[in-house]
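Asks: Structure in structure tokens, see below.
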Amino acid sequence: MQEAMINKAKQLLADGTVNRVIGWKRGEFVYDITPAVFETAEEIDADFVCDDFTAANVSKYLVKESRKEGKILAFLKPCDTYSFNQLVKEHRIVRENVYVVGIPGGPKLDAEKIKAKGITGILGVKNENGTLKIDTLYGEETMPYYEAILGKCETCKSRKHVVYDELLGEEGEVISAEDSGRFDMVEKLENMTAQERYDFWREQLSKCIRCNACRNVCPACTCENCVFDNPASGISNKAAADSFEENMFHIIRAFHVAGRCTDCGECSRVCPQNIPLHLLNRKFIKDINAFYGEYQAGEDTTSRAPLNNYDKDDCEPSIVHERGVE
Amino acid sequence: MLRISIDRADELFAAIAAQQTLYLPADREDGQAEYKKWEEGVKLSGRLNTVRSAKDFFFPQTENLAEFKMEGKKIEVIDVRRESEDFVIFGVRACDARSFGILDKVYLVDPVDTFYQTRREHGTVVTMACTRPAETCFCQTFGIDPTEPEGDVSCWSDGSFYYFKANTDKGQKLLNSLSSLLEDGDTATLDETKAKTKEILAKLPLAKLSTENFGCDKLNEYFSSAKWAELSESCLGCGTCTFVCPTCQCYDIRDFDTGHGIKRFRCWDSCMYSDFTKMAHGNPRLTQLERFRQRFMHKLVYFPANNNGEFGCVGCGRCLSKCPISMNIVKVMKALEEK
Ligand code: SF4
Ligand code: SF4
Ligand code: SF4
Ligand code: SF4
Ligand code: SF4
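Which chain is which? The protein sequence lines are A and B, in order.
Position 80 of the first sequence, counting from 1, maps to 73 under my numbering, and the rest follow consecutively.
Position 200 of the second sequence, counting from 1, maps to 210 under my numbering, and the rest follow consecutively.
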């Protein structure tokens, strides 16, 4: 696939369809890939990469890139196309300035999961029939391939691209919630007692170092100046003073992206403390599905979002009491 | 050399904890390590290093500095400092141990930061030599030998014993207090372990990275380098690299209005943030390029310029593994050096 992408990129640069390409750039190791914009065929030949570790969603960069001179080629995985569409819908991306080439998705791998096994000194990673062979400074190590799969790919919601100008490879299908299991953990949390749930979240959120990586990577978080960064907002907060503030940052953020979060999984992927932030967002997605009918943010660019719309069938505020707190 | 069998680690930790609060790296359920207060049942992590560095003990993410109470035109200033307790941090790696020296150069010079100073005085650092360096480690670039860590007490492991050597009075005092547990023993197997580690160190992918092309004489050349645009292009402007870094030292001071008075606190800040060093006229670094450049220029040029050539990085590799876009000081160094 990487080769087909490189050829496609060079062709579109050469024929003038685009003047830049956004993709991924090779790093020092096998896994440290950086999203990057390429302007020439030479740059692409030297550093362009698409492999097991190119998990980063480049859609958010297109907010800025699509406002520059000329058209940019973006390679988008199925999940990335939902973020892209949502940003087009919110008038953040200028659609006509992006040439979207859909590429197959993952599963991508998570270097942190390999390291969590105690495997260190990683020099190379190869998948051989379901076994990951890892070349390290301390000799070869192995682990089951599926145990190294990135969290967001384990519960992939769609192998179908919701937007593209051109497609490389086969188109896939939307994956049902039953098949993806993406709400299983949310259900587990719902079935806990309030105290158990509180304890679960306190344990997770108390690890937060408030680095803002989750917010800054999030394609649904594109405010020019976040309330938490703005001293004039009255709630600016660079570090959580106590557990209340620690919880609030995440809960407020989850509310703010509700109905717009496409479940791209970037927040949990980038968290240095492995906090399962996606579970907060998935709870909102699940509730929106239940209260307002099935809805997938980013699926299209025209429909009204359930939380921005009024319908006679909408749930009543009293639902809160009916459902109870326990 | 003084040593104790690793099987007796719990006795050792209990003996330390009986005198002072003991913190050590412990495993978390997600496979990463973090410093925890030792109590019965807490096991020393086998991981190479913690996600958060050991700087937290001396320079915590948030701390209250003072409180103000207003009554009419009278303002009462309340000192909120509590008496610090003595504590021991066990298992600090050589890179983090060196970072304390770097922080000292910021906080212990005139005007001395007494909050920091108090904690430094009360803390005893017991280091732990590395035996399994990771691909992201490049402490050697900064002249750090991970097989000979600094600290008040240096500690080594050969898999069967922990070996100890005191480097300061504070460290000697700690070892003296543990004398009934420690015995003198020979270091043959430890020497083998060290030799093996040295072989690995020579093979690390970043073993050849050098600071030769960095320092104060590079100020103008690097500051105006055209490379920053590309390097900073996809930076998210988050604080991950800064907050996991053992040597990042910047903070913000804010006032929190409680409704009854003011709580003045300080918290870590990041030069990657849009409101970093914001002043009445606004922010001196308007774009992410300038903020990004600040972080690396500080470590590779400004800090050595002000501190006899000492760099502001210890090569711990945390920013290499934690940056969400995998952009980091090594990539910056390599790009700047390239003509
Ligand atoms: S990325 Fe993780 S540690 Fe950073 S602010 Fe978000 S939840 Fe907290
Ligand atoms: S909240 Fe998380 S999953 Fe949802 S769009 Fe943002 S980064 Fe993606
Ligand atoms: S270099 Fe990486 S960790 Fe640092 S601010 Fe930029 S994106 Fe965040
Ligand atoms: S800049 Fe990176 S490698 Fe250097 S001390 Fe900080 S976190 Fe460690
Ligand atoms: S950077 Fe050096 S001292 Fe730090 S953990 Fe790695 S090998 Fe050990």
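Backbone N, C-alpha and C fix where the C-beta goes; we use that ideal spot for every residue, glycine too.
Bridge partners for B:Asp267 per DSSP, in chain order?
Replies: For the purposes of this step, residue 267 of chain B is taken as residue 257 along the second sequence, with counting starting at 1. BP columns for B:Asp267 point to B:Ile272.
Asks: Leaving out five residues on either side along the sequence, give the residues of the same chain with a beta carbon under 7 Å from the beta carbon of B:Glu95.
Replies: Walking along the second sequence from the start, residue 95 of chain B turns up at place 85. Only Thr31, His132 meet the Cβ criterion.
Asks: Just by C-beta distance, which residues in the segment 41 to 72 of chain A are closer than 8 Å to chain B?
Replies: Hits within the stretch, in order: Ala49, Tyr54.
Asks: Near ligand 4, which residues have their beta-carbon closer than 6 Å to a heavy atom?
Replies: Cβ atoms closer than 6 Å to ligand 4 belong to B:Val254, B:Cys255, B:Pro256, B:Thr257, B:Lys309, B:Cys323, B:Val324, B:Gly325, B:Cys326, B:Gly327, B:Arg328, B:Cys329, B:Ile339.
Asks: Cβ atoms of A:Asn230 and A:Phe221: under 8 Å apart, would you say?
Replies: Within the first sequence, numbered from 1, the residue matching residue 221 of chain A stands at position 228. Within the first sequence, numbered from 1, the residue matching residue 230 of chain A stands at position 237. For A:Phe221 and A:Asn230, yes; Cβs fall inside 8 Å.
Asks: Give me, in chain order, the residues of the same chain whose beta-carbon lies closer than 8 Å to that of B:Asp17; leave out the 5 immediate sequence neighbours on both sides.
Replies: Sequence index remark: in the second sequence, residue 17 of chain B carries index 7 (1-based). Taken in chain order, the list of residues that qualify is empty.
Asks: The segment 323 to 334 of chain B: which residues have C-beta closer than 9 Å to a C-beta of chain A, in chain order?
Replies: Hits within the stretch, in order: Arg328, Leu330, Ser331, Lys332, Cys333, Pro334.
Asks: Do the segment 95 to 105 of chain A and the segment 161 to 172 of chain A touch if we need at least three Cβ pairs shorter than 8 Å?
Replies: As far as the Cβ criterion goes, the segment 95 to 105 of chain A touches the segment 161 to 172 of chain A, which means the pair count is three or higher.
Asks: Provide the residue(s) that pair with B:Phe398 in DSSP beta bridges, ordered along the chain.
Replies: The question about residue 398 of chain B has no answer here: the residues shown for chain B are numbered 11 through 349.
Asks: Roughly how many angstroms separate the alpha carbons of B:Thr207 and B:Arg91, rounded to a whole number?
Replies: Within the second sequence, the letter at position 197 stands for residue 207 of chain B. Within the second sequence, the letter at position 81 stands for residue 91 of chain B. If I take the Cα positions, the gap works out to 44 Å.
Asks: Would you tell me roughly how many angstroms separate the C-alpha atoms of B:Glu44 and B:Gly101, rounded to the nearest one?
Replies: Indexing the second sequence from 1 puts residue 44 of chain B at position 34. Indexing the second sequence from 1 puts residue 101 of chain B at position 91. Taking the straight line joining both Cα atoms gives about 11 Å.
Asks: What ranges does the beta strand (DSSP E) occupy inside the segment 91 to 135 of chain A, keeping only unbroken runs of at least 3 residues that lie completely in it?
Replies: Listed in chain order, the complete beta strand (DSSP E) runs (minimum 3 residues) inside the segment 91 to 135 of chain A are 91 to 95, 115 to 121, 124 to 129.
Asks: Name the residue from B:Glu320, B:Gly269, B:Leu330 whose alpha carbon lies nearest to the alpha carbon of A:Pro265.
Replies: To locate residue 265 of chain A, count along the first sequence from 1; it is residue 272. Taking only the C-alpha atoms, the option nearest A:Pro265 is B:Leu330.
Asks: At which residue ranges does the segment 142 to 197 of chain A contain complete beta strand (DSSP E) runs of 3 or more residues, listed in the order of the chain?
Replies: For the segment 142 to 197 of chain A, not a single whole beta strand (DSSP E) run of length 3 or above is found.
Asks: By the criterion of Cβ-Cβ separation under 7 Å, what are the contact partners of A:Val30 in chain E?
Replies: You won't find chain E in this structure, because its protein chains are A and B.
Asks: Is it true that the CB of A:Ser169 sits closer than 8 Å to the CB of A:Cys149?
Replies: Stepping through the first sequence from its first residue, residue 149 of chain A is reached at position 156. Stepping through the first sequence from its first residue, residue 169 of chain A is reached at position 176. Not closer than 8 Å, so no.
Asks: Apply the 10 Å Cβ neighbour rule to A:Glu259 and answer buried if 16 or more other Cβ atoms are within range, or exposed otherwise.
Replies: Within the first sequence, residue 259 of chain A is the residue found at index 266, counting from 1. Buried, because 16 or more other Cβ atoms sit within 10 Å of the Cβ of A:Glu259.
Asks: Could you tell me the alpha carbon to alpha carbon distance between A:Glu121 and B:Thr157, rounded to whole angstroms?
Replies: Stepping through the first sequence from its first residue, residue 121 of chain A is reached at position 128. Stepping through the second sequence from its first residue, residue 157 of chain B is reached at position 147. Those two C-alpha atoms are separated by around 36 Å.
Asks: Taking only runs of the alpha helix (DSSP H) that begin and end inside the segment 41 to 66 of chain A, which ones reach a length of at least 4 residues, in chain order?
Replies: Qualifying alpha helix (DSSP H) stretches, in chain order: 54 to 58.
Asks: Does A:Pro137 come out as helix, strand or coil in the three-state DSSP assignment?
Replies: Locating residue 137 of chain A in the first sequence gives position 144, counting from the first residue. Three-state result, A:Pro137: strand.
Asks: Bridge partners of B:Ala217, per DSSP?
Replies: For the purposes of this step, residue 217 of chain B is taken as the residue at position 207 of the second sequence. DSSP output for B:Ala217 lists no bridge partner at all.
Asks: Quick check on A:Cys254: buried or exposed, where buried means 16 or more other Cβ atoms within 10 Å of its Cβ?
Replies: Position 261 of the first sequence, counted from the first residue, corresponds to residue 254 of chain A. So A:Cys254 counts as buried.
Asks: Is A:Arg175 near ligand 1 - that is, is its Cβ less than 7 Å away from at least one heavy atom of it?
Replies: Numbered from 1 along the first sequence, position 182 holds the residue referred to as residue 175 of chain A. No.
Asks: Taking Cβ-Cβ distances shorter than 7 Å, what residues in chain A pair up with B:Thr250?
Replies: Within the second sequence, numbered from 1, the residue matching residue 250 of chain B stands at position 240. Within chain A, the residues near B:Thr250 are Cys204, Ala206, Pro265.
Asks: Should B:Glu86 and B:Phe275 be called a contact, given that it needs their Cβ atoms to be closer than 8 Å?
Replies: Taking the second sequence and counting its residues from 1, the one referred to as residue 86 of chain B is at position 76. Taking the second sequence and counting its residues from 1, the one referred to as residue 275 of chain B is at position 265. No; because the gap between Cβ atoms is not below 8 Å, this pair is not in contact.
Asks: What is the residue span of the alpha helix (DSSP H) that A:Met(-2) lies within?
Replies: The count along the first sequence starts at 1 and reaches residue -2 of chain A at position 5. First-last of the alpha helix (DSSP H) with A:Met(-2): -5 to 7.
Asks: Would the segment 124 to 141 of chain A and the segment 68 to 77 of chain A be scored as touching if the rule is three or more Cβ pairs under 8 Å?
Replies: No, the segment 124 to 141 of chain A is not in contact with the segment 68 to 77 of chain A.
Asks: Of the choices B:Cys245, B:Gln298, B:Asp279, B:Cys248, whose alpha-carbon is the least far from that of B:Thr257?
Replies: Residue 257 of chain B sits at position 247 when you count from the first residue of the second sequence. Selected option, being the one with the closest Cα: B:Asp279.
Asks: Report the option in A:Asp8, A:Glu(-4), A:Ser226, A:Cys308 whose CA atom is closest to the CA atom of A:Val42.
Replies: Within the first sequence, residue 42 of chain A is the residue found at index 49, counting from 1. Here the closest residue by C-alpha is A:Glu(-4).
Asks: Give every residue of the same chain whose Cβ lies closer than 8 Å to the Cβ of B:Glu77, excluding the five residues on either side of it in the sequence, and list them in chain order.
Replies: Indexing the second sequence from 1 puts residue 77 of chain B at position 67. Closer than 8 Å at the Cβ level, and outside the excluded window around B:Glu77, lie Val87, Ile88, Val90, Gly271, Ile272, Lys273, Arg274.
Asks: Opposite A:Trp17 in the DSSP bridges: which residues?
Replies: In the first sequence, counting from the first residue as 1, residue 17 of chain A sits at position 24. Per DSSP, A:Pro28.
Asks: Would you mind reading off the limits of the alpha helix (DSSP H) that contains B:Val340?
Replies: Counting from one through the second sequence, the residue named residue 340 of chain B turns up at place 330. Taken as a continuous stretch (DSSP letters only), the alpha helix (DSSP H) holding B:Val340 covers 339 to 347.
Asks: Where does B:Pro256 fall in DSSP's three states?
Replies: Locating residue 256 of chain B in the second sequence gives position 246, counting from the first residue. If DSSP states are grouped into helix, strand and coil, B:Pro256 belongs with coil.
Asks: Can we count B:Cys147 as close to ligand 5, meaning its CB is less than 7 Å from some heavy atom?
Replies: The residue labelled residue 147 of chain B in the question sits at position 137 within the second sequence. Flag set: Cβ of B:Cys147 near ligand 5.
Asks: Checking contacts by CB at 8 Å: is B:Val90 closer than that to chain A?
Replies: Taking the first residue of the second sequence as 1, we reach residue 90 of chain B at position 80. Not closer than 8 Å to any Cβ of chain A, the Cβ of B:Val90 fails to qualify, so no.
Asks: How far does the alpha helix (DSSP H) with A:Cys260 in it extend, from its first residue to its last?
Replies: For the purposes of this step, residue 260 of chain A is taken as the residue at position 267 of the first sequence. Run containing A:Cys260: 259 to 263, per the alpha helix (DSSP H) assignment.
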